[in-house]
Amino acid sequence: MDNEFTLQEHEKGTYFKLPAFKRIRHAFCTRAGETGALEALGGTPERLLTLRQVHGAEVLVVNDDTRALALALPQPYDAVVTEKKNIALGIWTADCLPILMADRTKKVIAAVHAGWRGIWSGVIERTVAEMTRSFQSAPADIWAGIGPGIGPCCYEVKEDVVSLFRNAYAAADQFIQEREGKTYLDLRGAARLELTQAGIPLANIAAVNLCTSCRQDLFFSYRRENNAGRQLSFILLK
């Protein structure tokens, strides 16, 4: 389902949507800003919940619809799950992958920050497991949308990262590429493998298959710009 995405334009910014996520309000924003997407999809900055992301694998479950409760927690998180309406779950990225998940049967949503450390640490699998444990989601009913991130065209990695992935995944060659004496990591491929290993059908996975490093016109990129800004991705139940 790669490349099944559409670009939405708003006077206060542009954002990408996945047609596969029908009836689920979501957006992968661009460097043009997130205000337009929030307004267009019925959200507000006051009801946007974001995390203290640290490239880890901790998952926050939001059972209370007060934003202050979640933000008061001192622990860092890289994923968040809820069944509460009118809370936009947000992830900030600038090369790492934003992954949005939705179970339309149980009406549960999740947002995940997935760089190489998070993927290797199991943040995707733990998020799916939390949706199952806390809200009885069946992995087969979960849809996953992988947002823009740095692509294998640009994401050169060193041998220590390669070794970690080769030791963790028998199928690592599916997302590790060798070119001209350098090694590149396909984050999107690694994330897709993690999602399917967590029980999500491949047919339920869609992606905005754009590279944040290549597309300077659309995205911030930490690898390209170092101290870059970040773009927001979010998902919302109404």
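My numbering puts the first residue of the sequence shown at 703, with every later residue one more than the last.
Note that CB positions come from ideal geometry on N, CA and C, so glycine has one too.
These figures come from a predicted structure and were not determined experimentally.
Among the candidates the options, whose CA atom is the shortest distance from the CA of residue i?
i      : options                        : result
Ala950 : Glu785, Met833, Leu720, Ala846 : In the structure displayed, the chain extends from 703 to 940; residue 950 sits before or after that span and is not available.
Ile811 : Asn929, Ala870, Ala781, Gly851 : Ala781
Leu897 : Val814, Ile937, Phe936         : Val814
Phe936 : Gly758, Leu791, Thr746, Gly744 : Leu791
Ala893 : Phe718, Thr829, Asp919         : Thr829
Gly883 : Gln899, Val863, Ala742, Val859 : Val859
Tyr717 : Ala759, Gly849, Ile821, Asn765 : Gly849
Cys731 : Leu709, Phe723, Asn928, Thr746 : Leu709
Lys786 : Ile801, Asn765, Asp875         : Asn765
By DSSP, does residue i sit in helix, in strand, or in coil?
i      : result
Arg725 : coil
Ile793 : strand
Pro747 : helix
Asp780 : coil
Thr807 : coil
Glu827 : helix
Ser839 : coil
Ala816 : strand
Thr834 : helix
Gly738 : helix
Just to confirm, is the Cβ distance from residue i to residue j under 8 Å?
i      : j      : result
Cys855 : Cys913 : yes
Leu750 : Leu743 : no
Arg806 : Ile907 : no
Gly851 : Thr795 : yes
Ser836 : Val910 : no
Trp818 : Leu753 : no
Can you tell me which residues form a DSSP beta bridge with residue i?
i      : result
Trp845 : Ala804
Ala712 : Strictly speaking, residue 712 in this sequence is His, with Ala absent from that position. Partner(s): Gly715.
Ile852 : Its beta-bridge partners do not exist; DSSP assigns none.
Next item on the list: Pick out the complete alpha helix (DSSP H) segments inside the stretch 862 to 926, 4 residues or longer, and give them in chain order.
Entry: 889 to 899
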